[in-house]
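Using my numbering, read the sequence shown as starting at 9 and increasing by one per residue.
Backbone N, C-alpha and C fix where the C-beta goes; we use that ideal spot for every residue, glycine too.
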Amino acid sequence: MSQYWSATVRGLTPYVPGEQPKLDNLVKLNTNENPYPPSPRAVAAIAGELGGDGAALRLYPDPNGDRLKAAVADFFAGHAIRPANVFVGNSSDEVLAHVFQGLLKHERPILFPDITYSFYPVYCGLYGIEHVALPLADDFSIVADDYLRANGGIIFPNPNAPTGRLLPLAAIEQVVAGNPDSVVVVDEAYIDFAAAEVPSAVALVARYPNLLVVQTLSKSRSLAGLRVGFAVGHPQLIEALERVKNSFNSYPLDRLALAGAVAALDDREHYDATRSAVMATRAQLVADLEQLGFAVVPSAANFVFARHARRDAGELAAALRARAIIVRHFRLPRIDQHLRITVGTDEQCAALINALKEIL
Ligand SMILES: *Cc1c(COP(=O)(O)O)cnc(C)c1O
Numbered sequence: 009m010s011q012y013w014s015a016t017v018r019g020l021t022p023y024v025p026g027e028q029p030k031l032d033n034l035v036k037l038n039t040n041e042n043p044y045p046p047s048p049r050a051v052a053a054i055a056g057e058l059g060g061d062g063a064a065l066r067l068y069p070d071p072n073g074d075r076l077k078a079a080v081a082d083f084f085a086g087h088a089i090r091p092a093n094v095f096v097g098n099s100s101d102e103v104l105a106h107v108f109q110g111l112l113k114h115e116r117p118i119l120f121p122d123i124t125y126s127f128y129p130v131y132c133g134l135y136g137i138e139h140v141a142l143p144l145a146d147d148f149s150i151v152a153d154d155y156l157r158a159n160g161g162i163i164f165p166n167p168n169a170p171t172g173r174l175l176p177l178a179a180i181e182q183v184v185a186g187n188p189d190s191v192v193v194v195d196e197a198y199i200d201f202a203a204a205e206v207p208s209a210v211a212l213v214a215r216y217p218n219l220l221v222v223q224t225l226s227k228s229r230s231l232a233g234l235r236v237g238f239a240v241g242h243p244q245l246i247e248a249l250e251r252v253k254n255s256f257n258s259y260p261l262d263r264l265a266l267a268g269a270v271a272a273l274d275d276r277e278h279y280d281a282t283r284s285a286v287m288a289t290r291a292q293l294v295a296d297l298e299q300l301g302f303a304v305v306p307s308a309a310n311f312v313f314a315r316h317a318r319r320d321a322g323e324l325a326a327a328l329r330a331r332a333i334i335v336r337h338f339r340l341p342r343i344d345q346h347l348r349i350t351v352g353t354d355e356q357c358a359a360l361i362n363a364l365k366e367i368l
């Protein structure tokens, strides 16, 4: 605390990201990063943009990210998405920040689940937005009917974080159709790890002007270090985000990020191969954890949320840590006996299971 701080800064409760320890040889299963490298085409595009002498970096990047918007529209071409339906930003966290300020800040409180991405209440604090946290059901599913009350906007991740549970598209449509006067934001950071036949809510965008879908390249495209996210919605929702962005930072995506993101979105083969591998490893991890006495929430994400029948979650996390394996433990109501475990490679998950066998 300092006399130089603004009243806003004094009142903030910032988000605390999962740790990024500066140690080698850790089995790092705590921040839902993808265990596989990104598309080789993305890596080549970044190297190509940099060139031998980096001369391109003298120049500002495209402020509008037009090529990236086109690549996103192309990825969702089956759903009649055009570049005017797309907003791009420096990570989906940044996109979400603009969404809170530009589309969710209204007279009435916004709604989100009591157990959800812990950045949402932080944005509410930053922008002075009232919210009501609606309890998940006992099985951690979102109760769609609860979201049909008066509100200033609605946001939830699907699959939800940190539970991994998927809300079916029909329930999302019920919430969107039942709230024509407010924006419904579906944060699909993990949707690419739902079963192959589960469609993104982008499939509904052409029919609902109040639906905004946010995605990131951090998880399913293995590019958490590049910081690229985007939103898909009606052009008037996109325009709101552009207005906020152009009042904040005209060039949120640098040249390397734009080049890498376009190539990553174009490489469908690498995307399909790596997300399939994560889904296969997830199935094995769930079976192994259940064998050891864990109850595992059905996961459609690249992590699982598990609770042991007898052992304290905090103690398990500490014992794993002593064996150089880190998982995420939230000391929060309702979930302080759960561990959130990122799906790693088969080898990393085997190391986790072996360590748990020793501990238990
Ligand atoms: C990881 C995550 C994000 C943030 O992704 P970035 O693009 O890396 O900022 C957003 N929402 C949820 C629910 C996440 O888990």
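(1) With a threshold of 8 angstroms (Cβ to nearest heavy atom), would D101 be considered close to ligand 1?
(2) R229 to F84, Cα distance in whole Å?
(3) Let me know the secondary structure DSSP gives T353 once reduced to three states.
(4) At a cut-off of 8 angstroms, would you count S307 as near ligand 1, judging by its Cβ distance to the nearest heavy atom?
(5) Using 8 angstroms as the cut-off, classify the Cβ of N159 as near or not near the heavy atoms of ligand 1, replying yes or no.
(6) Which of the three DSSP states is assigned to D195 in this structure?
(7) For A239, which beta-bridge partners are listed by DSSP?
(8) Taking a contact to mean a Cβ-Cβ separation below 9 angstroms, would you say T282 touches P129 in this structure?
(9) At which residues does the beta strand (DSSP E) containing F164 begin and terminate?
(10) Under 9 angstroms between the Cβ atoms of G160 and F313?
(11) If we cut at 9 angstroms on Cβ distances, does T282 have a partner in chain B?
(12) Rounded to the nearest angstrom, what separates V191 and V51 at their Cα positions?
(13) Near H278, which residues of its chain fall below 6 angstroms by C-beta distance, leaving aside the five closest residues on each side in sequence?
(14) Can you look up R18 in the DSSP assignment and give me helix, strand or coil?
(15) By DSSP, does P48 sit in helix, in strand, or in coil?
(16) So if DSSP puts V130 in a beta bridge, which residue, or which two residues, is it bridged to?
(17) Please identify the residue among R348, H346, T350, I333 whose C-alpha is closest to the C-alpha of N362.
(18) Do the segment 55 to 62 and the segment 320 to 332 meet, that is, are 3 or more Cβ pairs less than 8 angstroms apart?
(19) Ligand 1 and P29: does any heavy atom of the ligand fall closer than 8 angstroms to the residue's C-beta?
(20) Would the beta-carbon of P129 be found less than 8 angstroms away from any heavy atom of ligand 1?
(21) Would you list the residues sitting across from H139 in a DSSP beta bridge?
(22) Tell me whether K253 counts as near ligand 1, meaning its Cβ is closer than 8 angstroms to at least one heavy atom of that ligand.
(23) For H316, name the three-state secondary structure that DSSP assigns.
(24) According to DSSP, simplified to helix, strand and coil, what is R251?
(25) Give me the DSSP bridge partner(s) of K36.
(26) Can you tell which of N187, S14, F95 has the C-alpha that lies nearest to the C-alpha of F238?
(27) Tell me whether the beta-carbon of L144 lies closer than 9 angstroms to the beta-carbon of I123.
(28) When the Cα atoms are used, what is the spatial distance from R319 to E355?
(29) Since V107 and G352 should fall inside the 8 angstroms C-beta cutoff, what is the C-beta to C-beta distance between them, to a whole number of angstroms?
(30) Out of V151, D280, L249, A211, state which residue places its alpha-carbon closest to the alpha-carbon of F201.
(31) Alpha carbons only, please: which of L340, D296, E102, A321 is nearest the one belonging to E250?
(32) In this structure, does DSSP put F311 in helix, strand or coil?
(33) Run the CB neighbour count on M9, radius 10 Å, all protein chains shown included, and call it buried at 16 or more, exposed below.
Straight from the coordinates:
(1) yes
(2) 16 angstroms
(3) coil
(4) Taking 8 angstroms as the cut-off, one finds no heavy atom of ligand 1 near enough to the beta carbon of S307.
(5) no
(6) strand
(7) A239 pairs with F95, V222.
(8) no
(9) 162 to 165
(10) no
(11) In summary, chain B is missing from the structure at hand, where a single protein chain is found.
(12) 36 angstroms
(13) S47
(14) helix
(15) helix
(16) Paired residues: none, contrary to the question.
(17) Minimum Cα distance to N362 is reached at I333.
(18) no
(19) no
(20) Within 8 angstroms of the C-beta of P129 there is not a single heavy atom belonging to ligand 1.
(21) For H139, which the question treats as bridged, DSSP gives the partners I118.
(22) no
(23) strand
(24) Under the three-state reduction of DSSP, R251 is assigned to helix.
(25) Note: K36 sits in a beta bridge opposite I334.
(26) Closest option to F238, Cα to Cα, is F95.
(27) Yes. Within cutoff.
(28) 24 angstroms
(29) The pair is not a contact, with the Cβ atoms about 30 angstroms apart (cut-off 8 angstroms).
(30) D280
(31) The shortest Cα separation from E250 among L340, D296, E102, A321 belongs to E102.
(32) strand
(33) exposed
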